[in-house]
Amino acid sequence: MGMRRSEQEKQWRAKARAQSAEAVVNSDTAKLVAAALEAAAGNPGLQNVLTGPVLKGEEAAARAAVNAVTTWRETGTAPEDSNEALAFFTQMSFDTYIAALTEAERKVLAAACLFDAKVPVPRDAVAAAARALGVSDPEAGLGRLLALGLLDDFGAMAGWPGLEELPHLAANPLARPLAPRLHDDLRASAADVALPELARAWRDAKGNFARDQRATAACRLALHATAPEPEVLEAATVAAADYLFNRLGLACSALRLAKPALDRLTDARHDPSHPLSGLLINAARQAGDIAMQARLLEQALQSNTLDSGWRAFFLGLRADFLHDRGDLEQALRIYTDEVIPIHESLRNELSLAVSKGRVADLLEARGDLDDALRIRHEEELPVYEALGDRRSVAMTKLKIADVLEARGDLDEALRILKEEVLPVLEMVGDRREQAVTHGRIAGILEVRGNLDEALRIRTEEQLPIFVALNDKRSFAYTKLRIADCLENHGDFDEALRIRAEEALPLLEAIGDQRAIAVTKGKISDVYEVRGDLEEAMRLRSEEVLPAFEALEDRRSVAITKGRIADLLKIRGDLEGALRIRIEEELPVFQALEDKREQAITLGKIADILIACGDFDEALRILTEEALPIVAALGDKREQAVTHGKIADVLEARGDLDEGLRIRLEEELPVFDELRDKPQQDVTKGKIAEVLGAKGKIGAALDMHLSRLTDAEAMGMLDSLNHIRLSCARLRLQRGDHHIGGLKTIADELSMAWAGANQIGRPDVVGEVGSLFGPVLAMGGSRDQALEVLAAAASAWDMFGDTERAADCRQIIASIKGKTRESS
Numbered sequence: 001m002g003m004r005r006s007e008q009e010k011q012w013r014a015k016a017r018a019q020s021a022e023a024v025v026n027s028d029t030a031k032l033v034a035a036a037l038e039a040a041a042g043n044p045g046l047q048n049v050l051t052g053p054v055l056k057g058e059e060a061a062a063r064a065a066v067n068a069v070t071t072w073r074e075t076g077t078a079p080e081d082s083n084e085a086l087a088f089f090t091q092m093s094f095d096t097y098i099a100a101l102t103e104a105e106r107k108v109l110a111a112a113c114l115f116d117a118k119v120p121v122p123r124d125a126v127a128a129a130a131r132a133l134g135v136s137d138p139e140a141g142l143g144r145l146l147a148l149g150l151l152d153d154f155g156a157m158a159g160w161p162g163l164e165e166l167p168h169l170a171a172n173p174l175a176r177p178l179a180p181r182l183h184d185d186l187r188a189s190a191a192d193v194a195l196p197e198l199a200r201a202w203r204d205a206k207g208n209f210a211r212d213q214r215a216t217a218a219c220r221l222a223l224h225a226t227a228p229e230p231e232v233l234e235a236a237t238v239a240a241a242d243y244l245f246n247r248l249g250l251a252c253s254a255l256r257l258a259k260p261a262l263d264r265l266t267d268a269r270h271d272p273s274h275p276l277s278g279l280l281i282n283a284a285r286q287a288g289d290i291a292m293q294a295r296l297l298e299q300a301l302q303s304n305t306l307d308s309g310w311r312a313f314f315l316g317l318r319a320d321f322l323h324d325r326g327d328l329e330q331a332l333r334i335y336t337d338e339v340i341p342i343h344e345s346l347r348n349e350l351s352l353a354v355s356k357g358r359v360a361d362l363l364e365a366r367g368d369l370d371d372a373l374r375i376r377h378e379e380e381l382p383v384y385e386a387l388g389d390r391r392s393v394a395m396t397k398l399k400i401a402d403v404l405e406a407r408g409d410l411d412e413a414l415r416i417l418k419e420e421v422l423p424v425l426e427m428v429g430d431r432r433e434q435a436v437t438h439g440r441i442a443g444i445l446e447v448r449g450n451l452d453e454a455l456r457i458r459t460e461e462q463l464p465i466f467v468a469l470n471d472k473r474s475f476a477y478t479k480l481r482i483a484d485c486l487e488n489h490g491d492f493d494e495a496l497r498i499r500a501e502e503a504l505p506l507l508e509a510i511g512d513q514r515a516i517a518v519t520k521g522k523i524s525d526v527y528e529v530r531g532d533l534e535e536a537m538r539l540r541s542e543e544v545l546p547a548f549e550a551l552e553d554r555r556s557v558a559i560t561k562g563r564i565a566d567l568l569k570i571r572g573d574l575e576g577a578l579r580i581r582i583e584e585e586l587p588v589f590q591a592l593e594d595k596r597e598q599a600i601t602l603g604k605i606a607d608i609l610i611a612c613g614d615f616d617e618a619l620r621i622l623t624e625e626a627l628p629i630v631a632a633l634g635d636k637r638e639q640a641v642t643h644g645k646i647a648d649v650l651e652a653r654g655d656l657d658e659g660l661r662i663r664l665e666e667e668l669p670v671f672d673e674l675r676d677k678p679q680q681d682v683t684k685g686k687i688a689e690v691l692g693a694k695g696k697i698g699a700a701l702d703m704h705l706s707r708l709t710d711a712e713a714m715g716m717l718d719s720l721n722h723i724r725l726s727c728a729r730l731r732l733q734r735g736d737h738h739i740g741g742l743k744t745i746a747d748e749l750s751m752a753w754a755g756a757n758q759i760g761r762p763d764v765v766g767e768v769g770s771l772f773g774p775v776l777a778m779g780g781s782r783d784q785a786l787e788v789l790a791a792a793a794s795a796w797d798m799f800g801d802t803e804r805a806a807d808c809r810q811i812i813a814s815i816k817g818k819t820r821e822s823s
């Protein structure tokens with residue numbers, strides 16, 4: 001028998017240590033080593049051949065050898081190049097082996113290859129398949145193939161604990177290409193007789209298969225059979241779908257296996273069981289297969305075997321279906337008018353509490369935070385406490401913390417997570433929800449501006465748990481949050497790499513269509529920040545928007561159209577941006593009664609009106625429409641943000657005193673209370689701008705400098721650049737360059753210039769360079785000034801601001817002219 005994967009990895013680590021080559025392994029070579037172990041299929045000799053070049057630093061040779069072995073396993077074509085892989089295959093003498101086998105032994109090998117690779121199967125099942133292929137004495141053939149090493153002996157194994165242990169074996173992965181290919185009719189005949197043996201060995205007293213690779217093997221074998229027993233096919237499909245979807249998170253793989261099984265069950269006039277339907281509805285939801293999700297839902301709800309409990313279950317899934325499409329009202333109606341009355345009639349307190357929790361989820365999504373919090377405290381939590389269900393108590397308190405965070409009560413949310421949720425989850429041993437809770441804590445720290453600690457929690461406490469649990473979906477989601485944190489740090493390159501190279505491939509592999517669309521939207525955000533508006537627009541309009549439209553997710557479609565409007569605004573197409581906000585985005589949120597998104601969209605409309613110079617209408621929208629909505633929601637943060645927008649309007653039309661009053665009395669105190677450092681920083685920056693406009697240069701400078709400590713501690717590169725550029729401007733405005741302050745100004749701009757280039761935003765590069773260049777020229781560094789101004793001009797060209805680019809080039813010409821005059 002070949003080595004198991006854990007034994008393979010142990011052998012590899014020992015070999016690396018022995019050759020003092022552990023340091024050679026980086027992220028790229030680690031992938032190559034993983035591919036080598038997979039290709040070696042547990043054969044120690046072949047593993048040595050394939051991993052040897054990696055330890056010598058000969059990655060190209062290792063990759064060629066891995067490809068050669070992979071080709072052999074897929075096609076049966078041996079390597080032709082004169083390398084170690086060829087020498088190994090020559091030593092193994094596969095051609096000699098196959099020539100030495102009798103026709104009966106070849107058929108026995110074909111029978112063993114009827115089953116999934118790397119899954120040990122009952123010896124009796126292989127023997128039965130061999131008899132169907134015409135082998136009169138399969139035991140003799142099995143003994144010979146085991147002796148030759150073409151079959152691996154796994155000893156006695158039980159399908160379930162307590163069941164009879166039976167001999168199991170499997171075709172050696174490297175020997176599988178030697179087996180003769182079976183025509184469909186022969187394969188079906190062999191599967192017909194092997195399937196009952198497999199079912200006898202692997203099903204428990206209730207007829208269930210184990211939720212592991214054996215279930216997928218049984219399901220595939222049943223699909224090969226001519227007319228599999230419907231109960232066996234159903235049991236194998238349920239277990240296989242559960243394993244692939246719930247254990248591995250592979251929604252698309254689960255559906256690929258289940259769809260032909262459903263067709264076979266339909267042909268046999270066997271309705272899928274309710275557990276199978278529920279599983280596949282949820283898998284179709286994750287995979288974005290709207291048609292299959294809707295079809296299975298309707299079939300399940302029309303079933304004549306549906307009792308009240310199952311009807312409530314499928315009605316809940318229908319509500320989820322509507323929620324995904326943004327129809328919160330209809331989803332709420334189903335829960336309040338149909339699901340909850342069923343649970344009340346059944347007197348099922350636990351299911352009733354869960355359903356009320358779903359109502360709270362929907363209310364929270366709609367922005368009704370007070371009602372959501374009331375349900376959690378008064379109708380959900382007491383039930384779990386009375387039942388002694390500590391885990392559900394903890395999860396409900398986690399949801400309570402979410403509502404408090406949305407309302408801006410970060411201190412209480414953080415306290416609940418740390419003191420009431422996390423200790424309980426640790427006590428009950430729920431590692432996955434521990435990781436989720438750590439993520440919530442990190443999210444609050446991010447809002448507070450403590451990005452380093454948030455990043456540490458995600459990388460050191462969240463990710464390792466999801467790796468240990470093999471939870472690829474949650475791993476990918478955490479990677480996305482890490483990328484968000486890095487982006488807030490100003491590390492756009494790494495954020496982009498993580499999204500494009502780590503998270504996106506994982507999400508594509510598991511088939512999470514919604515998360516794929518969200519991730520591509522995040523990637524487009526980086527392109528927007530970098531000034532590549534064309535690529536950002538292409539991604540949003542050609543990949544993200546169609547994906548959400550295919551999912552029939554009206555809310556996400558509207559949000560994506562809003563992000564397209566953002567790009568139009570940056571391009572100067574204010575009319576197009578305003579049309580999208582008013583005609584395509586706002587009506588959707590009004591129809592969905594999504595009050596929070598209505599308020600946000602109204603704020604965006606006001607931003608565009610300010611840019612258009614329509615200050616009166618912008619002020620009316622903010623004071624009469626947006627502010628009452630966020631006030632009714634009890635959302636302190638959004639109220640402060642809206643007050644800040646009102647101040648923007650007042651300042652734009654020249655009412656600096658009232659704008660300053662609002663910022664000092666109604667905006668900044670809220671962010672101070674919430675300890676929302678990023679918003680504190682933004683607000684202080686705007687206060688400083690007003691002070692500067694009022695001629696209070698010293699006060700403006702002090703306000704900007706008061707931002708510096710937090711911005712440095714949080715690693716907020718954007719903010720640091722703004723502070724240094726603003727301070728330099730104020731010092732120039734005050735005339736400091738005439739009284740010995742030129743070096744301080746140049747130093748601030750030098751740091752801002754380095755930061756701007758690190759971020760890579762063309763508007764920031766252009767803004768800083770347009771000022772830094774002339775300051776360098778003042779100090780006599782004319783060559784450097786010309787370089788900076790040329791880079792600034794190119795940045796403005798990229799950003800599409802030809803006027804600013806022309807200004808830079810005019811300054812360049814002026815500097816060159818003065819240089820010629822002085823020479």
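Here the sequence shown is numbered in the numbering used here, starting from 1 and rising by one per residue.
Think of the CB as a built atom: it goes at the ideal place given N, C-alpha and C, for glycine as much as any other residue.
Mind checking who residue i pairs with in its DSSP beta bridge?
i    : result
H643 : The partner list for H643 (beta bridge, DSSP) is empty, contrary to what the question assumes.
M157 : L166
P122 : H168
D152 : A170
Restricting to Cα atoms, I'd like to know which of the options is closest to residue i.
i    : options                : result
T216 : A241, P505, H224, I605 : A241
R214 : L425, L280, G159       : G159
L592 : D152, L362, G309, A199 : L362
R563 : Q286, G521, T478       : G521
I851 : Q513, I510, E501       : Lying before the first or after the last residue shown, residue 851 is absent from the chain, which here runs from 1 to 823.
M714 : G698, A790, L451       : L451
G141 : A156, D124, K677       : D124
E584 : I570, R63, V557, A170  : V557
A251 : T226, E787, A225, L279 : L279
V764 : C485, D747, L742, S794 : S794
R514 : L545, D532, H489       : L545
R256 : A509, E543, L422, P423 : A509
R200 : D212, A170, E165       : E165
I600 : A640, A517, G155, I281 : A640
I334 : F314, K107, S351       : F314
I646 : T683, L633, G634       : T683
L507 : M537, D471, E494       : D471
List the whole-angstrom C-beta distance separating residue i from residue j, where the pair is believed to meet the contact cut-off of C-beta under 8 Å.
i    : j    : result
T396 : L373 : Actually they are not in contact, since the Cβ atoms of T396 and L373 sit about 11 Å apart, beyond 8 Å.
E767 : L725 : 7 Å
A110 : P167 : With a Cβ gap of about 19 Å, A110 and P167 do not count as contacting.
L114 : A129 : 5 Å
A728 : L749 : 5 Å
Strictly under 8 Å for the Cβ-Cβ distance: is residue i near chain C by that measure?
i    : result
Q639 : The displayed structure is made up of one protein chain only, and chain C is not part of it.
Is any heavy atom in the ligand GDP found nearer than 7 Å to the beta carbon of residue i?
i    : result
A147 : This structure lacks the ligand GDP, and indeed carries no ligand of any kind.
Margin query: For a minimum of 4 consecutive residues, which ranges assigned as the alpha helix (DSSP H) are wholly contained in the segment 209 to 278?
Written below: 213 to 224, 230 to 241, 251 to 267
Notebook entry, point to check: In chain order, which continuous runs of the alpha helix (DSSP H) of length 4 or greater are located wholly inside the segment 562 to 594?
Noted result: 574 to 579, 586 to 591
Next item on the list: Tell me, please, whether the segment 543 to 552 touches the segment 579 to 599 by the rule of three or more beta-carbon pairs shorter than 8 Å.
Entry: no
Check: Would you call the segment 604 to 622 and the segment 335 to 345 in contact, with 3 or more CB pairs under 8 Å?
Finding: no
Checklist line | Sequence ranges, alpha helix (DSSP H) only - wholly within the segment 519 to 544, length at least 4 | finding: 533 to 538
Check: Just checking, does the segment 661 to 669 make contact with the segment 627 to 637 on the three C-beta pairs under 8 Å criterion?
Finding: no
Check: Where are the beta strand (DSSP E) runs, 3 residues long or more, that stay fully inside the segment 333 to 397, in chain order?
Finding: none
Item checked: Segment contact flag, the segment 452 to 463 with the segment 421 to 433, C-beta cutoff 8 Å, min 3 pairs -> no
Note to self: List, from N- to C-terminal side, the alpha helix (DSSP H) runs of 4 residues or more that fit wholly inside the segment 734 to 783.
What the structure shows: 742 to 759, 762 to 778
Item checked: Any alpha helix (DSSP H) of 4 or more consecutive residues that is wholly inside the segment 603 to 629 -> 615 to 621
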